[in-house]
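Peer 1: Just remember that my numbering sits 39 ahead of the position in the sequence shown, which is counted from 1.
Have a look at the structure that comes next, please.
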Amino acid sequence: MAPGPFGHPNSSSPSFILVGVPTLEAFPICLGILFCSAYVLSLLGNSTVLLVVVLDKSLRDPMHCFLAMLAAIDVVMVTSIVPKLLGIFWLHSNQIGYTACFVQMFFVHSTTSEESGVLLAMAFDRYVAICHPLRYRMILNRRTVARICLAIVVRALLFMLPLTGMVTNLPYCRSLVVPHSYCEHMAVASLACADPNPSRLYSVSTSSLIVGMDTAFIAVSYLVILKAALGKESCRRAFSTCGCHICVMMLYYIPGLVSIYVQQFSHAVSVRAQVLLADLYLILPAVLNPIIYSMRTRRIRKAMLNVLFPRKAHACHSTQ
């Protein structure tokens with residue numbers, strides 16, 4: 040009988056074992072509270088933004104469509120990770136099935152690609168709005184916005200489908216203990232009893248290409264925006280908007296790139312630091328995005344008041 044994916048013909052119910060955060064297993068309650076709080080905040084913030092944009096008909100411009108897409112991606116991203124992580128901390132449920140592990144891997148890595156694409160789309164939206172305000176509606180019409188959103192999803196699928204195929208076809212006949220808090224690609228591939236370098240090389244090269252292209256275009260967009268805004272009355276507003284967006288992007292891209300290259304090339308960084316860094320760049324932006332991108336926007340705050348507290352909003356409008 041030919042060996043199965045785990046290199047053994049009798050592996051009828053294969054599964055992986057997730058460690059959680061290595062060397063911090065003694066603090067499950069504290070870590071669980073920390074991640075649970077971040078998860079609840081992310082769900083509340085992103086779900087509220089998504090609900091408001093969907094229900095409020097005044098928020099149909101491209102920027103708010105991208106905000107809604109970003110909120111949906113963040114919900115999927117944190118839901119792919121945190122519930123299982125809380126199961127590890129609080130219920131000692133470290134086991135994850137073979138199929139479930141690769142499904143989690145697919146959603147985690149595809150949503151990171153999608154988030155990068157949405158950040159690029161939002162930077163392009165701000166460039167058109169500030170540098171070509173009279174042509175804004177013509178350039179970013181509904182059809183163009185739909186095509187941009189579709190391209191973001193298709194790019195993520197084209198990136199993840201070959202990677203998922205590479206990793207699932209590897210034979211796993213060594214230890215099935217994943218030294219990570221979720222089924223991260225490199226952590227799982229390192230357990231294979233065959234050479235995992237092709238999948239690693241593909242992951243690093245494509246991730247570098249996607250992130251490198253996105254950050255380059257984002258940087259060019261904001262440099263042109265700031266150059267166009269200098270000396271104008273809208274300069275302070277442009278600096279404020281771009282500053283907030285750039286802070287979120289740095290918080291997302293820098294830990295992400297460091298995490299990718301540290302796991303691939305550096306053995307001097309502890310596994311604990313690598314895992315915490317990976318968790319940071321996946322969870323923290325999902326918590327902060329609704330605050331920085333949405334809560335600071337007057338139209339979003341007003342729409343939230345109209346949707347969540349319609350009577351109060353009506354009373355405020357009546358007194359004005």
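Where is the CB? At the ideal position from N, CA and C, for every residue including glycine.
Quantities reported herein were computed from a predicted structural model and do not represent experimental measurements.
I'd like to know whether the C-beta atoms of Val-121 and Phe-198 end up nearer to each other than 7 Å.
Peer 2: In the sequence shown, the residue the question calls residue 121 occupies position 82. In the sequence shown, the residue the question calls residue 198 occupies position 159. Their beta carbons are not under 7 Å apart, which means Val-121 does not touch Phe-198 by this criterion.
Peer 1: Grab the span of the alpha helix (DSSP H) containing Leu-130 for me, first residue to last.
Peer 2: In the sequence shown, residue 130 corresponds to position 91, counting from 1. Start and end: 101-130.
Peer 1: Under three-state DSSP, which class holds Val-217?
Peer 2: The count along the sequence shown starts at 1 and reaches residue 217 at position 178. Strand, per DSSP.
Peer 1: Let me know if Gly-251 comes out buried or exposed under the rule of 16 or more other beta-carbons within 10 Å of its beta-carbon.
Peer 2: Numbered from 1 along the sequence shown, position 212 holds the residue referred to as residue 251. Under the 10 Å beta carbon count, Gly-251 is surrounded by fewer than 16 other beta carbons and is classified as exposed.
Peer 1: Report the residue from Val-115, Ser-244, Arg-311 whose alpha carbon sits nearest the alpha carbon of Glu-154.
Peer 2: Counted from its first residue, the sequence shown places residue 154 at position 115. The candidate whose alpha carbon is nearest that of Glu-154 is Val-115.
Peer 1: Helix, strand or coil for Ser-97? Go by DSSP, reduced to three states.
Peer 2: Taking the first residue of the sequence shown as position 1, residue 97 is located at position 58. Residue state for Ser-97 is assigned as coil, using DSSP reduced to three classes.
Peer 1: Kindly give me the distance between the Cβ atoms of Ser-57 and Val-206, rounded to whole angstroms, as I take these residues to be in contact under 8 Å.
Peer 2: The residue labelled residue 57 in the question sits at position 18 within the sequence shown. The residue labelled residue 206 in the question sits at position 167 within the sequence shown. The sequence given here has Leu at residue 57, not Ser. About 16 Å separates the two Cβ atoms, so there is no contact after all.
Peer 1: For Gly-59, which of helix, strand or coil comes out of DSSP?
Peer 2: Counted from its first residue, the sequence shown places residue 59 at position 20. Reduced to three states, the DSSP call for Gly-59 is coil.
Peer 1: Per DSSP, what kind of secondary structure is Ser-54 in: helix, strand or coil?
Peer 2: Numbered from 1 along the sequence shown, position 15 holds the residue referred to as residue 54. Of the three classes helix, strand and coil, the one that applies to Ser-54 here is strand, per DSSP.
Peer 1: Who pairs with Gly-136 in a beta bridge, going by DSSP?
Peer 2: Taking the sequence shown and counting its residues from 1, one reaches residue 136 at position 97. For Gly-136, which the question treats as bridged, DSSP gives the partners Ser-54.
Peer 1: Taking Tyr-137 as the reference, which of Ile-169, Ser-54, Leu-196 has the closest Cα?
Peer 2: Start at 1 with the first residue of the sequence shown, and residue 137 comes out as number 98. Among Ile-169, Ser-54, Leu-196, the Cα nearest to that of Tyr-137 belongs to Ser-54.
Peer 1: Report yes if the C-beta distance between Ala-342 and Asp-164 is below 7 Å; otherwise report no.
Peer 2: As a working note, residue 342 is residue 303 in the sequence shown. As a working note, residue 164 is residue 125 in the sequence shown. Going by C-beta atoms, Ala-342 is not nearer than 7 Å to Asp-164.
Peer 1: With C-beta atoms as the reference, is Pro-324 less than 7 Å away from Leu-290?
Peer 2: Locating residue 324 in the sequence shown gives position 285, counting from the first residue. Locating residue 290 in the sequence shown gives position 251, counting from the first residue. Contact: yes.
Peer 1: Look up Ser-357 in the DSSP assignment and say whether it is helix, strand or coil.
Peer 2: Along the sequence shown, read from residue 1 onward, the residue named residue 357 stands at position 318. Only weak support exists for where Ser-357 lies, its pLDDT of 46 falling under 50; the value from the coordinates is given anyway. In the three-state reduction of the DSSP assignment, Ser-357 falls in the helix class.
Peer 1: What span of residues does the alpha helix (DSSP H) with Pro-237 cover, start to end?
Peer 2: Taking the first residue of the sequence shown as position 1, residue 237 is located at position 198. Looking at the DSSP string, the run of the alpha helix (DSSP H) that includes Pro-237 is 236-268.
Peer 1: Judging by CA-CA distance, which residue of His-219, Leu-200, Leu-321, Tyr-78 is the nearest neighbour of Thr-309?
Peer 2: Locating residue 309 in the sequence shown gives position 270, counting from the first residue. Looking at the sequence provided, one finds Ser at residue 309 rather than Thr. Nearest option by C-alpha distance: His-219.
Peer 1: Between the region 124-141 and the region 172-186, are three or more C-beta pairs nearer than 8 Å?
Peer 2: no
Peer 1: Leu-209: which of Met-144, Val-243, Ser-81, Val-227 sits nearest, CA to CA?
Peer 2: The residue given as residue 209 occupies position 170 in the sequence shown. Among Met-144, Val-243, Ser-81, Val-227, the Cα nearest to that of Leu-209 belongs to Val-227.
Peer 1: Nearest CA to the CA of His-201: which residue from Cys-170, Arg-239, Leu-179?
Peer 2: Within the sequence shown, numbered from 1, the residue matching residue 201 stands at position 162. The sequence given here places Pro at residue 201; His does not occur at that position. The option with the nearest alpha carbon to Pro-201 is Arg-239.
Peer 1: Please classify Lys-123: is it buried, with 16 or more other beta-carbons within 10 angstroms of its beta-carbon, or exposed?
Peer 2: In the sequence shown, residue 123 corresponds to position 84, counting from 1. Buried, since its Cβ has 16 or more Cβ neighbours within 10 Å.
Peer 1: Can you say whether Phe-66 is buried or exposed, counting buried as having 16 or more other CB atoms within 10 angstroms of its CB?
Peer 2: Counting from one through the sequence shown, the residue named residue 66 turns up at place 27. Taking a 10 Å sphere around the C-beta of Phe-66, we find fewer than 16 other C-beta atoms and assign the residue as exposed.
Peer 1: Let me know if Asp-318 comes out buried or exposed under the rule of 16 or more other beta-carbons within 10 Å of its beta-carbon.
Peer 2: One-based indexing of the sequence shown puts residue 318 at position 279. Flag for Asp-318 reads buried.
Peer 1: Excluding the five sequence neighbours on either side, which residues of its own chain have a C-beta within less than 6 Å of the C-beta of Ala-233, listed in chain order?
Peer 2: Numbered from 1 along the sequence shown, position 194 holds the residue referred to as residue 233. Cβ within range, chain order: Leu-209, Pro-210.
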